[in-house]
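Residue numbers (the working numbering): 25 to 111.
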Ligand SMILES: [Zn+2]
């Protein structure tokens, strides 16, 4: 008779433990996912790369590798010197 009581108590404790672990796991995954973006962006320490459209040929170029030209206070990005000269 006692054994059944122990089994029931054991199952209840296991269920509680599992829900607690799930809650802790969610808290941890939430904390790590919210903490990772700054860590991922930190190594470069600069503005994240973005794509700009070459106004001459329409090609999207990375601002990190594109040829830049400032005109009228705006910076334009080109895929090649050829496009920059055409602009
Ligand atoms: Zn181009």
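Cβ atoms here follow ideal geometry from the backbone N, Cα and C, with glycine treated the same way.
Tell me whether residue i, by its Cβ, gets closer than 7 angstroms to a heavy atom of ligand 1.
{"i": "residue 109", "result": "no"}
{"i": "residue 86", "result": "no"}
{"i": "residue 99", "result": "no"}
{"i": "residue 52", "result": "no"}
{"i": "residue 89", "result": "no"}
{"i": "residue 44", "result": "no"}
{"i": "residue 104", "result": "yes"}
{"i": "residue 80", "result": "yes"}
{"i": "residue 94", "result": "no"}
Comparing alpha-carbon positions, which option in the options lies nearest residue i?
{"i": "residue 103", "options": "25, 40 and 76", "result": "76"}
{"i": "residue 96", "options": "111, 106 and 107", "result": "111"}
{"i": "residue 87", "options": "100, 40, 54 and 51", "result": "100"}
{"i": "residue 94", "options": "28, 81, 36 and 108", "result": "108"}
{"i": "residue 89", "options": "98, 80 and 105", "result": "105"}
Which residue or residues does DSSP assign as beta-bridge partners of residue i?
{"i": "residue 35", "result": "None, per the DSSP bridge assignment."}
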